[in-house]
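Student: Protein chains in written order, with this note's numbering: chain A, 1 to 142; chain B, 1001 to 1154. Shown below is the structure under consideration.
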Amino acid sequence: MSKIHFEDVEVGDEIDPVRQNVTPRQLVQYAAVSQDFTPIHYNTAYAQGAGHDDIIIHGALKTALLSQMLADWAGGIGALKKLETSYRGIDFAGEISCTGSVTSKRVEDGIGLVDVDVQFRNSEGSVTTPGKATVALPKRDE
Amino acid sequence: MSSVMTEEMRSFIGAETPPITYRVSHREIARFNAAIRGELPPIESDPQSQGNPPPLEANPLILRSFISAPFDPPFPEPFHDVLDGGSSFEFIRPVVAGDEITVVREMQDVFEKSGRFGPMLFKISEVRYRDFAGQLVATQLSTSISYGRPAGSV
């Protein structure tokens, strides 16, 4: 895992994307660890009864995947300070990706802060969950 | 279409749930982090039972698994089905093994809209996560949307 510092980042930089095949097993695993046992996330008949085509990915799992992308990018020395997501589309189990890019950077109270736009994308690459995040990155002299 | 909103629902605006406290284990963090990465959880005994476990930081969304207690009295939910409308987190510090996290949810708004599934009830709430010393670890502003089948019908 590379270590990235505040000085290394420029506006427009792309965050290393995450691509993952979200399987029904992962949704069951996530239901167990998150205590979200809503059946639309693992019971196909139930999900269809609720008007969906298939079981759907937990919204909080999508946010967690975006946060993991940012944590991996920050290389274990940065810290996620803010993350806002808006669930504008329903995602079914399958291939997904998380992307992001730096929109601004600033120093507040001596702390280097980087603002990032993030996107959760379905298998067709369409953005279903946009978001905004702020990551604190250490400066080289720290 | 008749409204599902009631004065009783509106009366919950400003109400807080009773506090509930969770102790965070090394094993729980390992399982949560594995679930996010789509990996099978490690099969191992809990390092916390073996003296000095290595420090382990949780994916910050582990906070979502620390569910707030129900409102007392309970919110009069009209629908059975629930969707997560989105969240805004502010993280003050990471969650690590050994933390004790106390959770309180405050209802900030309740309103109704009509959508593709018919009438939908939106609940906006702020969840506050505090550590053993009472210091804020994180806050979450969340939107919950209930819709569809009547409560108790499934």
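For every residue, glycine included, the Cβ atom is placed at its ideal position computed from N, Cα and C. Since we're looking at a predicted model, the values are computed, not measured.
1) What first and last residue would you give for the alpha helix (DSSP H) that runs through Ile-1029/B?
2) Helix, strand or coil for Asp-1109/B? Go by DSSP, reduced to three states.
3) Would you report the Cα separation of Glu-1112/B and Pro-1119/B, rounded to the nearest angstrom?
4) Along the beta strand (DSSP E) that carries Gln-35/A, what are the first and last residues, could you check?
5) For Leu-1056/B, decide whether its Cβ has a neighbour in chain A, counting only Cβ atoms nearer than 7 angstroms.
6) Under 7 angstroms between C-beta atoms, does Pro-1060/B make it to chain A?
7) What is the C-beta distance between Val-33/A and Arg-1031/B, in whole angstroms, given that I count them as a contact (C-beta under 8 angstroms)?
8) Identify whether Ile-1005/B lies in helix, strand or coil by the three-state DSSP scheme.
9) Reducing DSSP to helix, strand and coil, say where Leu-1040/B ends up.
10) Can you list the residues of chain B that Leu-80/A reaches, using a CB-CB cut of under 9 angstroms?
11) Sorted by chain position, which residues of the same chain lie with C-beta nearer than 8 angstroms to Asp-16/A's C-beta, five sequence neighbours on each side aside?
12) Please state whether DSSP places Gln-68/A in a helix, a strand or coil.
13) Closer than 7 angstroms, Cβ to any Cβ of chain A: which residues of the segment 1067-1085 of chain B, in chain order?
14) Less than 7 angstroms separating the beta-carbons of Phe-6/A and Asp-54/A?
15) Between Gly-1148/B and chain A, is the shortest Cβ-Cβ distance under 7 angstroms, so that the two count as touching?
16) According to DSSP, Thr-134/A sits in a beta bridge with which residue or residues?
17) How is Asp-8/A classed by DSSP in three states: helix, strand or coil?
18) Spell out the partners DSSP gives Val-22/A in its beta bridges.
19) Taking Gln-1163/B as the reference, which of Val-1110/B, Leu-1061/B, Asp-1109/B, Ala-1097/B has the closest Cα?
20) Would you mind telling me which residues of chain B sit closer than 8 angstroms to Ala-60/A, beta carbon to beta carbon, in chain order?
21) Given a threshold of 16 other Cβ atoms within 10 Å of its Cβ, counted over all protein chains shown, does Glu-1008/B qualify as buried or as exposed?
22) Give the straight-line distance between the Cα atoms of Ser-1011/B and Arg-1116/B, rounded to the nearest whole angstrom.
23) Round the Cβ separation of Phe-120/A and Thr-134/A to the nearest angstrom and send it over; I've been treating them as touching at under 8 angstroms.
24) Please report whether the beta-carbon of Glu-84/A lies at a distance below 7 angstroms from any beta-carbon of chain B.
25) How long is the line joining the alpha carbons of Thr-1021/B and Ser-1146/B, rounded to whole angstroms?
26) Can you confirm whether the segment 95-114 of chain A touches the segment 1094-1102 of chain B when touching is taken to mean that 3 or more C-beta pairs between the two stretches lie within less than 8 angstroms?
27) Of all the CB atoms in chain B, is at least one closer than 7 angstroms to the CB of Ser-67/A?
28) Expressed to the nearest angstrom, what Euclidean distance is found between the alpha-carbon atoms of Ala-64/A and Val-28/A?
29) Please state whether DSSP places Pro-1060/B in a helix, a strand or coil.
30) Tell me, which residues are paired with Lys-1123/B by DSSP?
Tutor: Looking at the atomic coordinates:
1) 1026-1037
2) strand
3) 7 angstroms
4) Note, Gln-35/A: premise wrong, no beta strand (DSSP E); not H, not E.
5) no
6) yes
7) 5 angstroms
8) Checking the displayed sequence, the identity of residue 1005/B turns out to be Met instead of Ile. Coil.
9) coil
10) Pro-1060, Phe-1089, Phe-1091, Pro-1094
11) Met-69, Asp-72, Trp-73
12) helix
13) Ile-1067, Asp-1081, Val-1082, Asp-1084, Gly-1085
14) no
15) yes
16) Lys-82/A, Asp-115/A
17) helix
18) Gly-94/A
19) One cannot answer for residue 1163/B here, as it falls past the ends of chain B, which runs 1001 to 1154.
20) Leu-1061, Arg-1064, Asp-1084, Ser-1087
21) exposed
22) 27 angstroms
23) The pair is not a contact, with the Cβ atoms about 18 angstroms apart (cut-off 8 angstroms).
24) yes
25) 26 angstroms
26) no
27) yes
28) 15 angstroms
29) helix
30) Val-1110/B, Ser-1144/B
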